[in-house]
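Here this note's numbering is used: the first residue of the sequence shown is 79, the next is one more, and so on.
Glycine included, every Cβ here is placed at the ideal spot set by N, Cα and C.
Below is one structure, written out as structure tokens; the observations come after it.
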Amino acid sequence: MYRGNKCPQYCMIIYSVAFWCSGFGILFLGIWMLAEPRRSYILDLVDFSEDDPLLRFGCYFAIVSGITTLFVGFLACCGAIKGARCLLTGFVAFVIFIFFAELSIGVFALFYRDKFRDNRMPHYLANFSTNRYNRDKWVTPLMDTIQFYIRSAEFKAHYQSLIKHNYGVHLESERNRRITDVIDKMQFFEKCCGMEGSDDWLHSHWRDSFLFLHSAEVSDITQSMQQPSTFEESKEKPNVPVTCCMSMRDATVRNPVPRSLARCQQPAVNRMWRHQTQQCCGGIGPKDYYGGYWYLTNKERGTQSFVPFSCCKQAQAARAWAIQPIDPMCSIYPYYSQAFNNSVHTEGCHKKLQEWFDQQVIIFAVVGFSLAAFQIIGICLAIIMCRHIHGYSYVGVSVF
């Protein structure tokens, strides 16, 4: 029976309840990152790009830490009520373990933030599309060979193969199904289409194979679009995946019911029916094109162009298949001149996803480091209470 100062005991009980609630918070964080589709695809993005499961392991680690915290919180509450020194000592031992676990969650987040900031996020996104810039009739530029100065040839070849050979084809392979789902989730949740626009899909193997697949669970309308016979009869290929289309309000990534599937597949389509290209140019910026295949090909032909027309600010009537720059001379202005800045989008396309990824990193880092600091308070309270435990009192009973 606890006979010491009541103040440390009450503080320890209150802390135990708060500690127990924090366990639910950690558990929710790990499950949320794994189960919420908009956040889970970033884990697949890391897995496919680098064959590195540590970020996903961090989510599992958060779940294990949350379950352990729930158990330890119950242990602390019992120890505080009974004033049991052994329970409080066990609580301190467990909290030290949880402290390092939650500290590692924050470290994992910051580690991957730095990893993606090393000019790698643009590489990931650029390689999610192929043959982006085929709008000039004299050249079929390959986006993966002109967009960036790739340092690693193996890295470049790896991501080129994902898009060119894996999306929507040979779906009996588990790997191809997962890659297809990752790209579809990105397009559905970020409301975008390809990297720079719907033309990314024009020469993809998925389109050439007449497949229109986004997942195993699709609506009846979408299933009809997946059948090769449908396209053979109409003699038309799908222009974009269903996830590129503007969806109905109750649509999900597993059932992306488009507002109008027919209108979405038309070449000249507006924003009401299909996600449009973002207002950006290149990966890091417009100068990614300098010295690339597209730039050198134009130079050999005697046409000095710094960026494609798709990088230019478009007229209101412009469409993905009918580029209409406001300034027809925009492609020949030198980089970052006044005329260039007034007529060309100067923001890189990777920034949107980079900003979203930074938000998720901040959530993990703040939660991890905050809860780690919270554990230190619990350790101090438990030690103080143990110092106030004087022992047990024994009551003698006379037997007549």
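Contact check for valine 95 against isoleucine 457 fails: the beta carbons are separated by 7 Å or more. Residue burial is scored here from C-beta neighbours: glutamine 87 has at least 16 other C-beta atoms within 10 angstroms and is therefore classed as buried.
Taking a cut-off of 8 Å for Cβ pairs, the stretch 439-455 and the stretch 174-190 touch, as three or more such pairs fall below it. If you compare the alpha carbons of Ile141, His466, Ile91 with that of isoleucine 109, the shortest gap goes to Ile141. With distances taken between CA atoms, serine 421 lies nearest to Phe387 out of Phe452, Val439, Phe387, Phe442. If the five residues before and after glycine 151 are omitted, its C-beta is found closer than 7 Å to the C-beta atoms of Ser94, Phe97, Trp98, Gly101, all from its own chain and listed in chain order. Residue pairing of proline 412 in beta bridges, as defined by DSSP: absent, with no partner found. In the DSSP assignment, proline 86 forms no beta bridge with any residue.
In this structure, alanine 329 keeps its C-beta atom at 7 Å or more from the C-beta atom of valine 320. Nearest to glycine 161 by C-alpha distance, out of Met90, Ala179, Phe106, Phe178, is Met90. A residue is called buried when at least 16 other Cβ atoms come within 10 angstroms of its Cβ; proline 406 does not meet this threshold and is exposed. For arginine 379, no alpha helix (DSSP H) segment is defined, and its DSSP state is neither H nor E. Boundaries cannot be given for histidine 281, as no alpha helix (DSSP H) includes it and DSSP labels it neither H nor E. For leucine 459, same chain residues with a beta-carbon under 6 Å away, outside a window of 5 residues either side, are Cys89, Met90, Tyr93 in chain order. CA-to-CA, the gap between cysteine 390 and glutamine 438 works out to about 32 Å. Listed in chain order, the non-local C-beta contacts of cysteine 408 below 6 Å within the same chain comprise Cys390, Ser421, Val422, local neighbours out to five positions each way being set aside. Exposure of proline 412 is indicated by the presence of fewer than 16 other C-beta atoms within 10 angstroms of its C-beta. For valine 318, the secondary structure class from DSSP, reduced to helix, strand or coil, is coil. When secondary structure is reduced to three states using DSSP, serine 287 falls in the coil class, being assigned neither helix nor strand.
Per the C-alpha coordinates, the member of Val385, Lys377, Cys164, Phe172 positioned closest to lysine 365 is Val385.
DSSP places valine 385 outside both helix and strand once states are collapsed to three, so it counts as coil. For a cut-off of 8 Å, the C-beta gap from arginine 163 to cysteine 464 is around 6 Å, short enough to register as a contact. Within its own chain, the residues whose Cβ lies closer than 6 Å to the Cβ of cysteine 155, once the five positions on either side in sequence are excluded, are Ser94, listed in chain order.
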